[in-house]
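First the structure, in the form of structure tokens, and then the observations on it.
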């Protein structure tokens, strides 16, 4: 399989399309929209976790890895989905949440009853001499990373929510169970797998964190991580020559990622990394705001492009997902230049070296939610930090502003299909409020306008298949010190591509060494862009030039 020409579309199933009026997206809803996705031109649908779950963390607390949550439908619905997607040339990618399992999972319930076999599926530890937790690590969702179980007089580790107990990958029985789960879904016709925070699964030592933080240096890219991923590959998805995999890598390094996804790694096809989405974190803390650092953004993207290229490793390319606020609202002016900026961000990403991911709604320029009251939020991380920041003495207005910028719910609002009630997502009451701008920002409007964001994405997805230089040409950064322009070249045997993008609302004159009159203008987000020796890029203007060899 030539995965280098593929584009993946991410569906957050809870928010994509409701078919039965319960306010909750479902599989039949997705099936009803497959023609739309075929029109967009994507090759894979990545579904966020939709296994049986108490939904404490929107499905990332899995109670049963081999069953579809009834709120989404049945296994028969899933089988129909796979069949109907395949008819349209679309494969399915499922989300494997293997760092932790729900405390409702039968494994954990047996552990609570004192069964040693299942206690060893998790990290149960005695407290310190004074009875306090085994170490001072904090959960990534706030509060201690250890929960005390009185009946066992022991604590269990949960790097995320208290209901998400970390699985012990050092136990070979656990690793076998997880490989069996992958093979179960392979037997259903699934060829794609995304592995949630997979680089955290090999824990090292359990020392106190001297920085009084979350202890990430003791479990990120841990001592046996590459060994364990090679084993999982060998025993499950590696048996399928058509498989495509991606690992979500938390706080990782370029060195490790070249090993995770190198062409000879026998671990994963590609990796998600997040360094470029922390350039607006003051002091690298998510809940501290500042304007994004454009030079740092460019440097990070360029370094990862060239570093992975040198190692023949592969990036997953993305601006948005279910855990990130909308990039359009984050990096651009989503009120005055929403359409131009949405197209610009797409152009920058889709011409890079790697596999592009389109997050639902991104292809029509959906924005942040801008909710105005804490009662509108559903995300456990957001509500937890609302309480934490309130205890720190922050004002309600300040906290709500932070959530408007940072909350994961910004990406989880219902898909905006049309201008009817609830944006056509549901006939009932949606589980999360629809964004106020749905009457203008919706798919029905986008499909009727040949200059819409949708058709720009459609062209970029098609170009990746048509131009081999986009698939595997060299990535060469240009204008690295320019304060407003992101520029790069792709160079291959059959031709060259130059991409120039203005990240700001002010026009800027651009000069590069290459003579652009030798190139053809392939795509622009303005109607009258030209290929001159020296050009002026208007607000958020983005252009792609091509020259055949």
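In our numbering, the protein residues as written are 913 to 1461.
In this text, a Cβ means the ideal position worked out from N, Cα and C, and glycines have one as well.
Nearest-angstrom Cα separation, counted from residue j out to residue i
i	j	result
residue 1096	residue 1155	14 Å
residue 1415	residue 1254	11 Å
residue 1101	residue 1364	34 Å
residue 1248	residue 1216	31 Å
residue 1406	residue 1381	7 Å
residue 1197	residue 1281	21 Å
residue 942	residue 970	18 Å
residue 1361	residue 982	37 Å
residue 1214	residue 1233	21 Å
residue 1061	residue 980	30 Å
residue 1239	residue 1331	23 Å
residue 1206	residue 1417	13 Å
residue 1311	residue 1194	15 Å
residue 1076	residue 1021	12 Å
residue 1220	residue 1049	32 Å
residue 1181	residue 1043	44 Å
residue 960	residue 1225	25 Å
residue 1153	residue 996	22 Å
residue 1036	residue 1412	53 Å
Beta carbon of residue i nearer than 8 Å to that of residue j
i	j	result
residue 1071	residue 1138	no
residue 1230	residue 1184	yes
residue 1002	residue 956	yes
residue 1329	residue 1355	yes
residue 1056	residue 1041	no
residue 1144	residue 1090	yes
residue 1457	residue 1410	yes
residue 1370	residue 949	no
residue 1383	residue 916	yes
residue 1349	residue 1396	no
residue 1428	residue 1445	yes
residue 1260	residue 921	no
residue 1376	residue 1387	no
residue 1442	residue 1408	no
residue 1470	residue 1191	Given a span of 913 to 1461 for the chain in the structure shown, any question on residue 1470 remains unanswerable.
residue 1039	residue 1068	no
residue 1121	residue 973	no
Where residue i sits in the DSSP three-state scheme
i	result
residue 1307	coil
residue 1034	strand
residue 991	helix
residue 1421	strand
residue 950	helix
residue 958	strand
residue 1184	strand
residue 1367	helix
residue 1091	helix
residue 1012	strand
residue 1140	helix
residue 1342	coil
residue 1199	coil
residue 1406	coil
residue 1131	coil
residue 1145	helix
residue 1215	helix
residue 880	Only positions 913 to 1461 of the chain appear in the structure, and residue 880 is not among them; the question remains open.
residue 1333	helix
residue 1390	strand
residue 1043	coil
Best match in the options for proximity to residue i [C-alpha to C-alpha]
i	options	result
residue 1005	993, 1162, 1015 and 1115	993
residue 1295	1449, 1419, 975 and 1199	1199
residue 1286	1455, 1263, 1245 and 1344	1344
residue 1163	1176, 1178, 1187 and 1142	1187
residue 1420	1431, 1112, 1394 and 1009	1394
residue 1111	1010, 1304, 1226 and 1358	1010
residue 1094	977, 943 and 1131	977
residue 1263	943, 1372, 968 and 1324	1372
residue 1319	1289, 1211, 1369 and 1432	1289
residue 1142	1124, 952 and 1175	1175
residue 1106	1250, 1379 and 958	958
residue 1336	1043, 1352 and 972	1352
residue 1425	961, 1447 and 1439	1447
residue 1128	1103, 914, 975 and 1052	1052
residue 1126	1304, 1103, 1054 and 1455	1054
Cβ-Cβ separation, residue j to residue i (assumed contact under 8 Å), whole Å
i	j	result
residue 989	residue 1340	Contact flag wrong, Cβ pair sits at about 19 Å.
residue 944	residue 937	The Cβ separation is near 11 Å, so there is no contact.
residue 1258	residue 1136	39 Å between Cβ atoms; not a contact.
residue 1210	residue 1398	6 Å
residue 1277	residue 1251	6 Å
residue 984	residue 939	5 Å
Beta carbon proximity, residue i to chain C, threshold 8 Å
i	result
residue 1021	Protein chains in the displayed structure number just one, and chain C is not present.
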